[in-house]
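Engineer: One structure coming up, written as structure tokens, with questions to follow.
Laid out in structure tokens, this is it:
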């Protein structure tokens, strides 16, 4: 297919949240490209506007760790997005092939993603869907953020506050589960979930349905495997803090991954920072739900259609009981995508689909060369020193 008398598509490379991605060629410049086509069933004005926002958001961010966008247009009755061609594979594919990664490799991936997020946040762009499927590893080992399909500036008013909140349940920050807008700290929380999965093979919270998972994001403390280096555990706890103000910024995360927090004393890890009582906040939300405001959650297919379905409301009358997860699972879990709306429940449910793949069952050594102990400050964006 020839688009705009310039871009010729060939083989299909994969499926994104809003369309299919093809290998292509820019016949004007003679360079390989990736071309995403908006799915025919998403031709409504809302989907087209969202597709356009993806192009604009990604095009604003110029960084080695963000997939570059070259062009956007409408041709032959189809919307298309032309991007940098990545010859590698996703982090999700890496996990499926190799299972949990050693801390050095996991921190290397997170370091690069954090750098890309820092660039996006400088433009007031919040990605809102950081997960292994949207992180691409090139043949040279570099990692780049892709799929800005639901990215948004905090000041963007093109979607009302009562509209759908899109994201993936296993990586959704507590404040987003409570219906609050996504912020840069929400992206950091999602990246913390990714780091946890890179180290253990599974996300920090799991459940039979998205509602259970979201409840755990709000109420439960993540179970950190004992075999992880102390500093890595400390970094995870900070990134997965329930209170957004307790999380480090992406620049600090990047610096910490270089510094290897494995020398942080255990005594320091045992002293938690003050944080808001999110359970009380959640109880208030539950009271609002009882009085008439209905929050519904829906599982979407891999293609992330925008039609919400309605499972039970999240009402945490009792704390979620934790079962210590295995540090080395035998499979990489399929992660559903969730839509939360404040409108009345829809009637049609989308089936959750997605491949699962076996991962390595043998535990890898976690001993690695570790960075120096970070400083006590939590807001410095430069490389932390000793406090």
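Numbering (the UniProt record's numbering), first residue to last: 1 to 387. Here a beta-carbon is modelled for each residue, glycine too, at the ideal position from N, C-alpha and C.
From this set, 107, 171, 245, 110, which residue's C-alpha is nearest residue 131's C-alpha?
Structural biologist: It is 171 whose Cα lies nearest to the Cα of residue 131.
Engineer: So, is residue 199 buried or exposed, given that buried needs 16 or more other C-beta atoms within 10 angstroms?
Structural biologist: Residue 199 is buried by the Cβ-count criterion.
Engineer: To the nearest angstrom, how far is the alpha carbon of residue 112 from that of residue 79?
Structural biologist: Taking the straight line joining both Cα atoms gives about 30 Å.
Engineer: Based on the DSSP output, what are the partners of residue 36 in its beta bridges?
Structural biologist: For residue 36, which the question treats as bridged, DSSP gives the partners 21, 81.
Engineer: Under the rule that 16 or more other beta-carbon atoms within 10 Å means buried, what is residue 175, buried or exposed?
Structural biologist: Residue 175 is buried by the Cβ-count criterion.
Engineer: Can you grab the Cα-Cα spacing for the pair residue 187 / residue 86, in whole Å?
Structural biologist: Computed Cα separation, rounded: 23 Å.
Engineer: Would you mind sorting residue 358 into buried or exposed? The rule is 16 or more other CB atoms within 10 Å of its CB.
Structural biologist: Model confidence at residue 358 stands at a pLDDT of 38, short of 50, so the residue's coordinates are unreliable and nothing is read from them.
Engineer: Using only the alpha-carbon positions, how far apart do residue 219 and residue 73 sit?
Structural biologist: Their Cα atoms are separated by approximately 44 Å.
Engineer: Do you know offhand how far residue 125's Cα is from residue 90's?
Structural biologist: In a straight line, the C-alpha of residue 125 is about 22 Å away from that of residue 90.
Engineer: Return the chain-ordered ranges of every alpha helix (DSSP H) run that is complete within the stretch 37–120 and spans a minimum of 4 residues.
Structural biologist: Counting only runs of 4 or more, we get 45–60, 91–98.
Engineer: Roughly how many angstroms separate the alpha carbons of residue 229 and residue 40, rounded to a whole number?
Structural biologist: Each residue's Cα considered, the two are about 48 Å apart.
Engineer: Please confirm whether residue 95 and residue 197 have their CB atoms less than 8 Å apart.
Structural biologist: Yes, the Cβ-Cβ distance between residue 95 and residue 197 is below 8 Å.
Engineer: For residue 115 versus residue 63, is the C-beta spacing smaller than 8 Å?
Structural biologist: Result yes, Cβ atoms of residue 115 and residue 63 sit closer than 8 Å.
Engineer: Residue 19: buried (16+ other C-beta within 10 angstroms of its C-beta) or exposed?
Structural biologist: Buried: at least 16 other Cβ atoms inside 10 Å.
Engineer: For residue 241 versus residue 118, is the C-beta distance shorter than 8 Å?
Structural biologist: Not closer than 8 Å, so no.
Engineer: Between residue 82 and residue 7, how many whole angstroms is the CB-CB distance? I'm expecting something under 8 Å.
Structural biologist: Right, their Cβ atoms sit about 6 Å apart.
Engineer: Helix or strand or just coil, what does DSSP make of residue 3?
Structural biologist: Three-state DSSP puts residue 3 in a strand.
Engineer: Quickly, what does DSSP pair residue 26 with across the bridge? List them, please.
Structural biologist: DSSP output for residue 26 lists 7, 31 as bridge partner(s).
Engineer: Kindly indicate which residue of 66, 207, 191 has the alpha-carbon position closest to the one of residue 137.
Structural biologist: Of the listed residues, the one whose Cα sits closest to residue 137 is 66.
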